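Residue numbers (our numbering), protein chains in the order written: chain A, 1 to 878; chain B, 1 to 109.
We put the CB at the ideal spot given by N, CA and C, even for glycine.
Note that the structure is a prediction, hence the values are computed from the model and not measured.
Inspection log for the structure reproduced underneath, given as structure tokens.
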Amino acid sequence: MSNHPSPPDWINRLLEAICDPKRLEGIQGDLAELYEQRLEEKGKRRANWAYFFDALGFLRPFAWKKPNISTSNHLYMFRNYLKVGLRNLNKHRGYTFINMLGLVISFTCCLLIGLHLQDELSFDRYHEKQDRLFRLANHTAGASYENGIAKVSEPWAPEAKATIPEVEDACRFVFVGQSLFSKGDQQYYESGGLYTDPSVFRMFSWKLLEGDPNQVLAEPNSIVLTQTLAQKYFPSGNALGESLTIDNEKAWKVTGIVEDVPDNSHFTFNFLVSLNSYTPPDQGDKWVRWNQYYSYLLLDQKESKIVAEEKLDQMLDQHLEAETAAAYTPFLQPIASIHLQSKLHREMSTNGDLSYIYIFGIIGLFILLIASSNFVNLSTARATQRAKEVGVRKVIGANRKSLIFQFLSESTIVVATAAVIAIGLTRLLLPSLNAFLNKALQLDFFTNTGLLLGLLAMVLFTGFLAGTYPALVLSSFRPIQVLKGSGGKALALFKRGAIVNRGQLLRKGLVVFQFMIATFLIIASLVVSGQLKYINNKNLGFNKDQIINIPLSYPIDQTKLSTFQADLAEMPGVLTVSASANQPGGSDYGVPYEALGLSEDQQPAMRCLVVDENFLDTYEIKLASGRGFSKEIATDSNVYLINETAAKQLGWDKPVGERMSMPAVGREPAAIIGIVKDFHFHSLHEPITPLYFFMEKTWFSQLNLKLDASRINETLEAIEARWDQFEADLPFRYTFFDRSFGALHAAERRTGRMISILTLLAIFITALGLFGLTTYTAEKRTKEMGIRKVFGANWVDILSLFSKEVLVLVGIGVALAIPVAWLVSSNWLDNFAYNIGLGIGFFLLAALLALGIALLTVSYHALTSARRSPVVSIRHEA
Amino acid sequence: MKGTHLGEFEELVLLIVAVLFDNAYGIAVQEEIAKRSGRKVTISTVHSALHRLDKKGYVTSRYGEATATRGGRRKLLFTVTPAGEGVLHQSRKLRNDLWDSIPELAFKF
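What follows is the structure, encoded as structure tokens:
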């Protein structure tokens, strides 16, 4: 963040390039002075615009560098090129339209993709010390999560700061959970709170608007609000020193106000509270248990990472039992890498994915290449039509250099116009993209120099790429040959033919290339959407529909809860009612257990769900053997259920009847009474892992209700009415289970839709180019077709004449695309533990689609030529 | 050189350069024009007029001292040359002569 705004740098550089050096300083000085004035009066945005327009005023001859007399002719020649170029574009409006449309679409895609990627890559880079900030994470050998876990136990970070010289500072965060804020009669649930250490503002660059950065969270019961939250509760300002009641218990004193956390952060918060008012439950050894602390370390320099990791390992050796210490491997993650590269267990929020960055970058490039290929194709195809112009120019004295310059500038003008239109279109589409991605991207070229340079590079690159070939071919025409024209000698015709052939080879190559990319994209989007459909419809092993979850407040009054449950169960629209501590796809726990009579290596890491006797019915989870929990049997509050995977991995022959215990939470050994059929309690990225169930009423934190689909609305109203008797102080809240479970695959669904849209556009541009090309061929062969018809050709012959060549080219493109697409898609599918697999169907369908589209595009012209009366076509002058 | 004719706007700018004497640079001229005549002109217009006056030899330019504001850039200061003074006198004399020659009856409506 720059402390003092300065005028956009690129405008200054532009002035430097154009203005007479004798006046430059005076001009820039005056502009700077005006800028300062406007900055104060009107703000940065307006000042930037005014600066831009003022600078524009200096692009007049009086201020220019004084050119040598010999070069001034260029200016006049350029004017002539412009005029001829525009006439040409106007004369062939159809081609111009096809070119422009393709370019505009591809530029818009690239701009939008560029903005998205820029944002994804900017995550957490706004912290001044970002290169030295690391998150402390831990990898446990043998744990059910492979990559390690993002949080550690309480003493790790402070101990690291105290004993490791490379660690300059440390800061921990713990989730607060949803809390009820009250101030006067204002009462709202607020989420996104974090307990944290007072060092937070020393390490992270969130801007504290009020309060002392070193002191704000030092006292117990202090709270720092974000600007938004402060305005909500203290609209008159003066929040500092006031207090808020949280969860109707404690009063918290507002000691600071912090600017809202930027969206490009791997975690955000709405309020921070002092960590020293947080009491973790006592679970024994603090070094191992209750690993709820997201810990960040500030190192003295970024190169110390490896040394610090070694010393952290040694630190654990000192404090843990040898066996545990050997299993633990602490490691450090650079903060800027977390959003895209970290996939640990229990991330603070859903992270992005580096592979999607590559995918979108590549697709953007592909679309750009397809549009440029169209440009090249259409210009070379029409090159012969401008041969005469080139001939005349050469006779008058144009050299090859100036002709190349002419054609390059012509194509750059077309491309630049397309870019300007694309900028407008991007502005129009940006709000929809933001809504889709849930982001706040902005298109502002004044502050975003990177994007501006990118766009300029794109324009020059495309203009150059698309202009070079036509420029070289056209400028190489020999004036005598072209001017003699088609009626000339055989030699001239032959030479022209050679040139045209050379162009044709390139054109064919580009068509193959375009269809290769298009086919690749078709296959990719088919695979992605197929996999997504598979996920949506996959039998998860339970029924996720028509279930609502109602959170309960802690502590729970058991008698009140059971009457409430009984009342709910009697409602006609409620099918079943179940209480539980967690749910599939939610936070299942990893409480350690002991399986009696089994050795250490026969006991896999297991997750657990804490449920009551109705849970299996509510989610329609099936039993494989044994029985479920029952209300009638009193001892069922001690016993266990396990899933099939657990039954397989535990070392017992017949698990039902064996006993297990949970010494960490004081549960005595009790029997396993049943085995539950495997179901997907995580996203389909992960395979099903061992799981066990037990009943522990005091842990319950939510109700799960299966509703009758036909009257959900009335039922919800009835429940709300009943809720007020149960918890009068708290508002009624609920979530639909299928929606929260669906969130596990939200990223794939979004990416899938974006890939489909981009694929459609790519196909469209490809078809557009092919259409333009056949228009040209059809026009050139009009006479030929007339003669063929006279000799008795029917429409089938003419269609096959036109389509044969194109189909061969498309076929080659498809054949080239398939192996690449196969590699890429099978790689992507490997991300999912459960996937559709790559059937031949995808490739067949994609090939058929590509060929079909090509055929359809060609057949329009083929059929019009076929239907045209030979009298008309033979008279046609090509 | 397209001659030495002094346009209306050029005359205004030339007069203001004379008024501002030692501090006649782009923005000062622009502000003075706004203050005296109420005309809002862009900074590039002012520069362009000063440039024309320079070409015609009515003003000279030099760079002033470095300043802390303006991004540390010097001001391009203009002063009226003797030729400039001459052309101003000429134009004033022309106007005075014309005023003197208006018959009294001409403005009796």
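May I ask which residues mark the beginning and end of the beta strand (DSSP E) holding M660 (chain A)? 659 to 662
Measuring alpha carbon to alpha carbon, tell me which of A:I688, A:H745, A:V415 ends up nearest I535 (chain A). A:H745
Please list the partners that G148 (chain A) has in chain B, where partner means a Cβ-to-Cβ separation under 9 Å. Simply none; closest approach about 50 Å.
Going by CA-CA distance only, name the one from A:L823, A:K783, A:Q583 that's closest to V872 (chain A). A:K783
Is the distance from the Cβ of I688 (chain A) to the Cβ of L641 (chain A) below 9 Å? no
Secondary structure, alpha helix (DSSP H): runs of 4+ residues fully inside the stretch 383 to 435 of chain A: 387 to 396
Mind listing which residues of the stretch 58 to 89 of chain B have their C-beta closer than 9 Å to chain A's C-betas, in chain order? S61, Y63, T67, T69, R70, G71, G72, R73, R74, K75, L76, L77
Residues of the stretch 4 to 36 of chain B whose Cβ lies closer than 9 Å to any Cβ of chain A, in chain order: Y25, G26, I27, Q30
Proximal residues of chain B, C-beta to C-beta of F62 (chain A) below 7 Å: S48, H51
Please check the pair R934 (chain A) and S48 (chain B), which I expect to be a contact at CB under 8 Å, by giving their CB distance rounded to whole angstroms. Shown here, chain A extends from 1 to 878; a query on residue 934 (chain A) therefore has no answer.
Give the DSSP bridge partners of V611 (chain A), in chain order. A:S580
Chain B partners of G585 (chain A), CB-CB under 8 Å? Those within 8 Å of G585 (chain A) in chain B number zero; the least Cβ separation is about 57 Å.
With 16 as the cutoff for other CB atoms within 10 Å, does P663 (chain A) come out buried or exposed? exposed
If you measure from the beta carbon of D30 (chain A) to each beta carbon in chain B, is any gap under 9 Å? yes
In angstroms, rounded to a whole number, what distance separates the CA positions of L194 (chain A) and H682 (chain A)? 25 Å
According to DSSP, D169 (chain A) sits in a beta bridge with which residue or residues? A:L298
When DSSP builds the beta bridges, which residues end up paired with L77 (chain B)? B:R62
Completely contained beta strand (DSSP E) runs for the stretch 118 to 150 of chain A, where each covers 3 or more residues: Whole beta strand (DSSP E) segments, 3+ residues: 133 to 140.
Please classify G86 (chain B): is it buried, with 16 or more other beta-carbons within 10 angstroms of its beta-carbon, or exposed? exposed
Output yes if chain B places a C-beta closer than 9 Å to the C-beta of D9 (chain A); else output no. No, its Cβ sits nowhere closer than 9 Å to a Cβ of chain B.
What is the residue span of the alpha helix (DSSP H) that Y51 (chain A) lies within? Boundaries of the alpha helix (DSSP H) around Y51 (chain A): 44 to 57.
Helix, strand or coil: how does DSSP classify V288 (chain A) here? coil
Measuring CB to CB, does N643 (chain A) end up less than 9 Å from Y593 (chain A)? no
Three or more C-beta pairs closer than 8 Å, one from the stretch 83 to 103 of chain B and one from the stretch 29 to 46 of chain A: is that the case here? Taking 8 Å as the limit for Cβ pairs, the verdict is that the stretch 29 to 46 of chain A does not touch the stretch 83 to 103 of chain B.
Under 9 Å by beta carbon: chain B residues contacting L39 (chain A): Going along chain B, no residue has its Cβ under 9 Å from L39 (chain A), so there is no contact; the nearest lies around 12 Å.
Among A:G742, A:E720, A:E120, which residue has its Cα nearest to the Cα of L532 (chain A)? With distances taken between CA atoms, L532 (chain A) lies nearest to A:G742 out of A:G742, A:E720, A:E120.
Quick check: the stretch 382 to 394 of chain A against the stretch 127 to 134 of chain A, are there 3 or more CB pairs under 8 Å? no
Taking all protein chains shown into account, decide if F97 (chain A) is buried (16 or more other Cβ within 10 angstroms of its Cβ) or exposed. exposed
G391 (chain A) to R478 (chain A), Cα distance in whole Å? 7 Å
For T329 (chain A) and K311 (chain A), I'd like the C-alpha separation in whole angstroms. If you draw a straight line from the Cα of T329 (chain A) to the Cα of K311 (chain A), it is about 11 Å long.
What residue ranges within the stretch 779 to 821 of chain A form continuous alpha helix (DSSP H) runs of no fewer than 4 residues, ordered along the chain? Counting only runs of 4 or more residues that sit fully inside the stretch 779 to 821 of chain A, the alpha helix (DSSP H) segments are 782 to 790, in chain order.
How about L320 (chain A) and W290 (chain A): are their beta carbons less than 9 Å apart? Not in contact: L320 (chain A) and W290 (chain A) (Cβ atoms no closer than 9 Å).
For S191 (chain A) versus G211 (chain A), is the C-beta spacing smaller than 9 Å? no
Which of helix, strand or coil DSSP assigns to V639 (chain A): coil
Do we get a CB-CB distance below 9 Å when we pair S44 (chain B) with the residues of chain A? yes
Between the alpha carbons of H266 (chain A) and V415 (chain A), how many angstroms are there, rounded? 38 Å
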